[in-house]
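Below is one structure, written out as structure tokens, with a few remarks after it.
In mature numbering (1 follows the signal peptide of the UniProt record, and there is no 0), the protein residues as written are -26 to -1, 1 to 205.
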């Protein structure tokens, strides 16, 4: 076997080993995700799984809204896994709870629906209400919160997005435009009133313009027809 052939075989062997190693790592990562007791929710599964705005027969959901790049989210991740494992294997006290997470970089419409403004945001969905969790983030703090049954003051569960809102959320430009408009309406009411007023005025001007173009022409034609009949 020539020297060039030996080098080619060595490179081929190294490539095969590299591919096999990558495959093993990928499978191991997938197995870890499947073994997780934390339920990953998406825009497509959120309402079906939680039944947040309907019967809520699937339990009480403690949801972590997070971003993968967030340092505090990364620190909370192992605690969240431990909490999910404890809840899944606990006795009477916490059997009604489900521990879940939503990636807000992928599921913006769900995060907008629940007005998530920072990461991580922890919300409990229970008894047709949404409760913001503001306590400590240790395993013991979270367990005590669930066991206490005292969740503080809740707010009604926001309605799921309509078909139009879902389509807007899927379009990044429209989603950003809608978010900016909602921000103006919520925090700059005077500016919102000006925008609405300008919209009404422009609408009236457009209607008047088309009436002048088409309505005026129709009137002139009618007058000509009437004049011809008289003659």
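A virtual CB, placed ideally from N, CA and C, is assigned to each residue, including glycine. Here the structure is a predicted model, which means the values were calculated and not measured.
Within 10 angstroms of the beta-carbon of residue 114 lie fewer than 16 other beta-carbons, which makes it exposed. The alpha-carbon of residue 178 is positioned some 31 Å away from that of residue 135. DSSP lists no bridge partner for residue 107. When Cβ pairs closer than 8 Å are counted between the two stretches, the region 86 to 94 is seen not to touch the region 64 to 74, the count staying below three.
Taking a cut-off of 8 Å for Cβ pairs, the region 75 to 86 and the region 31 to 40 touch, as three or more such pairs fall below it.
When the alpha-carbon of residue 27 is set against those of 14, 125, 131, the nearest one is in 131. Here the alpha carbons of residue 77 and residue 106 stand approximately 18 Å from one another.
Excluding the 5 residues flanking it on each side, residue 31 has same chain C-beta neighbours closer than 8 Å at 25, in chain order. Comparing alpha carbon positions, the residue from 165, 22, 128 closest to residue 101 is 128.
Annotation: residue 67 to residue 18 spans about 30 Å, alpha carbon to alpha carbon. About 16 Å separates the beta carbon of residue 111 from that of residue 61, a gap too long to meet the 8 Å contact definition. The three-state reading of DSSP puts residue 50 in helix, counting H, G and I together. Taking the C-beta atoms as reference points, residue 13 is found no nearer than 8 Å to residue 55. Looking from the CA of residue 34, the closest CA among 125, 109, 171 belongs to 125. Its Cα nearest to that of residue 121, the residue 64 stands out among 183, 64, 16, 182. The Cβ-Cβ distance between residue 94 and residue 50 falls below 8 Å. Residue environment analysis places residue 20 among the buried positions, since at least 16 neighbouring C-beta atoms fall within 10 angstroms of its C-beta.
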